[in-house]
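The structure appears right after this line, and notes come after that.
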């Protein structure tokens, strides 16, 4: 346990130092697009999909956030099934009606390896709309060949990459030739929350009413949340 605490703290420090400028730059672009009426859409498969959901309808988080949930790509649809479907070159085309990318939107594609069909197809789809497309991925996987028919990896397609610096295989610890103690969810959440915090701080410089959810589990006036939901429900299903 102590070894994991130490290694995850080291990795957080690497991300803080090496990705600081990328996170700041991404936040500036996102603020501009939100102020023009866009929203932030997040896509991931399997465990990466959990990160997309984590940013949605979150107390203290941004309101204009939409997770793109493709049922066959979620863990609860079947872990092995999800992994298989992520590599299916037809899966995104089959569920194309689930996507609604618009010019001022931002799409964050979350994929640790950056090599599978579904995340790359979503990046291409978002680019076609004229939206700003960024990835949350580990560039340590760059030597792993793409599985996409285009011959391209995710980092070749997006407008901006935030490198998670996750080691190949995900685990931070080794014992008896086994790699364990995965890090991608912790680091991914760390980066997303840092990015969202920077977005909110930038918006606060010019906007008095911030699109941030208040907690529903604290006794207070929830009219702010209701107003925010009304503002964005034409793009995001909060039900």
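In the numbering used here, the protein residues as written are 503 to 741. Beta carbons are placed, not taken as given, at the ideal position from N, Cα and C, and that holds for glycine.
Item                                                                                                                    : Value
Cβ contact check for the region 507-522 and the region 667-675: 3 or more pairs under 8 Å                               : yes
Per-residue DSSP class, three states only, for residue 591                                                              : coil
Sequence-distant residues of its chain with Cβ nearer than 7 Å to residue 628 (five each side left out)                 : 603, 609 and 635
Local conformation of residue 564 per DSSP, three classes                                                               : strand
Any non-hydrogen atom of the ligand COA closer than 7 Å to residue 674 Cβ                                               : This structure lacks the ligand COA; in fact it carries no ligand of any kind.
Residues near residue 697 by beta carbon distance below 7 Å, same chain, minus five either side                         : 525, 528 and 529
Per-residue DSSP class, three states only, for residue 636                                                              : strand
Cβ shell of residue 693 (< 8 Å), same chain only, five flanking positions each side left out                            : 517, 521, 525, 638, 664 and 666
First and last residue of the uninterrupted alpha helix (DSSP H) at residue 673                                         : Run containing residue 673: none in the alpha helix (DSSP H); it sits in the beta strand (DSSP E), 673-677.
Sequence-distant residues of its chain with Cβ nearer than 8 Å to residue 691 (five each side left out)                 : 553 and 556
Close-in-space but distant-in-sequence residues of the same chain around residue 716 (CB under 6 Å, 5 per side omitted) : 726 and 727
Sequence-distant residues of the same chain with beta carbon closer than 7 Å to residue 669, five excluded per side     : 642
Residue 605 burial status per 10 Å Cβ neighbour count (16 or more: buried)                                              : exposed
For residue 668, three-class secondary structure by DSSP                                                                : coil
N- and C-terminal bounds of the alpha helix (DSSP H) containing residue 729                                             : 725-734
Residue 723, buried or exposed, once every other Cβ within 10 Å from all chains shown has been counted against 16       : exposed
Exposed unless 16 or more other CB atoms sit within 10 angstroms - verdict on residue 582                               : exposed
Span separating the alpha-carbon of residue 729 from that of residue 633                                                : 26 Å
Reference residue 600; option with closest CA among 575, 731 and 714                                                    : 575
As assigned by DSSP and simplified to three states, the class of residue 720                                            : coil
Reference residue 659; option with closest CA among 711, 647 and 623                                                    : 623
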